[in-house]
Structure formats: structure tokens, C-alpha cells
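Written out below as C-alpha cells is the structure these notes cover.
Numbering (the numbering used here), first residue to last: -16 to 91.
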């Protein structure tokens, strides 16, 4: 994973972190530390989670599949991106850990 890719995806993870911290009932000064700590770990592992899902999808499909037909570049695909990134953020801790164990476990 390149540094540029990590920071591009980290931006979206940070965006979701701000949403968690900004939510009306969860202000950083009033919230317990647990939701913010979990959101922080999710933000750090989010790029790894996205990469794992992308690698898994491209292992069984071609890249052209994701830009044609139902997945063609239309305004409706923006909502699909939002759902994809939200799902990756929600599951970023387990998926990110799986990615790290998979990539660095193979190296050793």
C-alpha cells in the first residue's frame, strides 16, 4: 500500500471520526472515552479495511466489472460509494487487522 493511497483513504476515515465526535449526543468533552477511542482506531485502520475489500473484490472480478452496467459512473454511484465507505468504517477494526495479519503474516 502506497503512502498516497493510505492518506487518500485516511481522509475519509478522519471524516467519519469527525462525524462521530460531532454527533449531537457525543461531544468530546462530555462523552466517555470509549466511543472516541474506538473511532480513533477505526480511523487508523480504515485504509487497510478498504484495501482488503478492494483486493478481495478484484481477486474474483475484473476491474471493468466495477465501471460498467449497474456500477457505471452515474450520480447514483455516489450513494453506493457512501454505503461502501460507511460499511468499511464500521468494520474497519476487524477488517484492518485481518489485512495487516494477511500482508505481514505472509512476509514472515
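Where a beta carbon is used, it is the ideal one built from N, C-alpha and C, also for glycine. A quick note: this is a predicted structure, and the numbers were derived from the prediction, not measured.
So residue i and residue j are supposed to be a Cβ contact under 8 Å. How far apart are they, rounded?
i: residue 78; j: residue 21; result: In fact, because the Cβ distance is near 14 Å, the residues do not count as touching under 8 Å.
i: residue -10; j: residue 29; result: Contact flag wrong, Cβ pair sits at about 11 Å.
i: residue 60; j: residue 54; result: 7 Å
Should residue i and residue j be called a contact, given that it needs their Cβ atoms to be closer than 9 Å?
i: residue 82; j: residue 31; result: yes
i: residue -7; j: residue 44; result: no
i: residue 80; j: residue 34; result: no
Relative to the C-alpha of residue i, which candidate in the options has its C-alpha closest?
i: residue 24; options: 86, 71 and 87; result: 71
i: residue -3; options: 57, 86 and 68; result: 68
i: residue 18; options: 73, 87, 85 and 88; result: 73
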